[in-house]
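Below is one structure, written out as structure tokens; comments come after it.
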Amino acid sequence: MSLSTSEKLEILKRGVEEIIPEKGLEKKLNKNKPLIIKAGFDPTAPDLHLGHTVLINKLKQFQDLGHKIVFLIGDFTGMIGDPSGVSETRPILTADQLKKNSETYQEQIFKILDKKKTKIEFNSSWFKKMTSAELIDLSSKMTVARMLERDDFSKRYKGNKPISIHEFIYPLVQGYDSFELKSDVELGGTDQKFNLLVGRDIQKSFGMEEQIIMTLPILEGTDGVKKMSKSLNNYIGLQESPNDMFGKIMSISDDLMWRYFDLLSFKTSVEINEIKKKTKEGLNLMKVKKMLSNEIVTRFHGKEKALLAEKEFTNRFSKGNDPTEIKLIKLSMKASSISIIDLLSREELGVHKLCKSKSEARRMISQGAVKIDGNKISDDAILVQNPSENTYQVGKLKHLKIKLTKG
């Protein structure tokens with residue numbers, strides 16, 4: 001049974017931050033012909049993570065509705081470096097680094113997208129042919145004043161921080177991609193809004209119908225605070241082992257779990273709302289989180305490995321068994337001791353911090369949820385000696401070995 005335009009819109013709008021203009025998307029869908037849907041990824045790192053899949057999942061929805069998907073690998077723009085959301089100029093990557101990274105991208109995206117129905121493009125294929133005169137002509141289509149409307153450029157300019165000319169070129173060449181691909185819709189993160197709008201401007205300047213832009217939220221990492229990033233060590237990589245992927249998803253907070261459901265799950269909004277309703281009626285949140293973990297691990301590793309990962313997780317954590325591998329963090333400090341409250345909530349632990357705050361640490365101790373070397377503690381005034389090396393457990397899921405040294 002074919003879907004109505006309103007039903008298609010309901011599917012496509014889920015999890016989307018903004019559609020510009022929304023009426024324009026409805027108009028294009030009403031034509032009942034395949035649209036060209038574009039999303040670009042600069043291969044600046046070798047691995048994709050779940051944060052990237054927010055966009056890829058949306059591409060999949062368009063693909064399932066019969067539209068043409070263009071997965072654009074920005075091997076040319078990657079050499080420039082996307083200045084979006086950064087406070088200083090990015091280092092320039094070599095062509096060889098970008099080539100190696102792009103090869104891994106192609107291996108990973110087809111865990112979600114249909115390979116036969118996905119077109120892979122490299123923007124170097126047209127930019128390497130562009131003459132200097134053509135680049136100057138492209139540059140004439142945008143003013144410096146317009147570029148300084150970008151929040152990140154504006155802050156750097158006002159703060160007397162350098163902005164390189166090649167960074168101004170980035171939104172232009174990304175926008176030119178949309179002209180080359182004749183895209184009807186372009187997807188991007190909320191931090192990409194300016195670049196996506198430039199794509200509309202470039203298309204218009206060449207006499208082309210402007211693309212619709214859809215911005216999607218930036219997925220928080222496992223810490224629930226900052227965006228998912230390998231550099232912040234709060235990411236879940238697509239190439240991680242089933243056990244690691246399952247365990248990391250299980251480690252997120254209950255609040256973050258629902259956001260992951262909305263942005264990562266292929267379940268319908270109706271199904272997710274039904275699960276939420278059941279949790280209010282008493283369904284165990286641990287079971288719900290396992291449901292999410294199982295779905296995502298199945299997507300990237302298959303059902304059998306997902307079930308084995310769940311079994312391993314249950315054996316290691318839910319039954320109270322000690323995990324076989326515990327992260328070791330070394331902390332150097334001058335003091336001869338530190339209170340257990342301060343240690344559990346210490347900022348230097350970064351994403352491995354066992355408690356978000358001192359008050360949470362006190363609460364967890366009072367609830368009997370904290371163990372040192374397997375022994376439950378009830379006194380929040382305990383001092384941990386320096387030097388020492390102990391294994392700390394908070395709740396069922398958080399384990400960390402901390403080695404204190406004088407320094």
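Numbering (my numbering), first residue to last: 1 to 407. All C-beta atoms in this analysis are idealised placements derived from N, C-alpha and C, irrespective of residue type, glycine included.
Proximity of residue 176 and residue 202 at Cβ, strictly below 8 Å: yes
Residues that residue 384 bridges to, as DSSP identifies them: 338
Inter-residue spacing [alpha-carbon to alpha-carbon] between residue 221 and residue 383: 32 Å
For residue 59 and residue 187, believed in contact at Cβ under 8 Å, the rounded distance: Indeed, because the Cβ distance is near 7 Å, the residues count as touching under 8 Å.
Backbone CA spacing between residue 375 and residue 341 [nearest angstrom]: 16 Å
Residue 268 in three-state terms, based on DSSP: coil
Backbone secondary structure at residue 215 - three-state DSSP: strand
Reference residue 345, options 133, 261, 352 and 357, closest by Cα: 357
Through-space distance from residue 184 to residue 35, alpha-carbon basis: Rounded to the nearest angstrom, the two C-alpha atoms are 6 Å apart.
8 Å Cβ cutoff met for residue 8 and residue 65: yes
Pair within 8 Å by beta-carbon distance, residue 354 and residue 403: no
Close Cβ partners of residue 76 (< 8 Å) along its chain, the five nearest in sequence each way excluded: Counting only residues of its own chain and dropping the five nearest sequence neighbours on each side, residue 76 has a CB closer than 8 Å to the CB of 122, 123, 124, 127, 128 and 173.
Rounded Cβ spacing between residue 108 and residue 48 (contact assumed at less than 8 Å): So it is a contact: roughly 5 Å between Cβ atoms.
Member of 303, 215, 230 and 234 whose CA lies at the smallest distance from the CA of residue 224: With respect to the C-alpha of residue 224, the residue from 303, 215, 230 and 234 having the closest C-alpha is 234.
Entirely enclosed beta strand (DSSP E) segments - the stretch 162-204, minimum 3 residues: As summarised for the stretch 162-204, the continuous beta strand (DSSP E) elements at least 3 residues long and confined to that stretch are 185-189, given in chain order.
Candidates 379, 348 and 352, of which the one nearest residue 363 by Cα: 379
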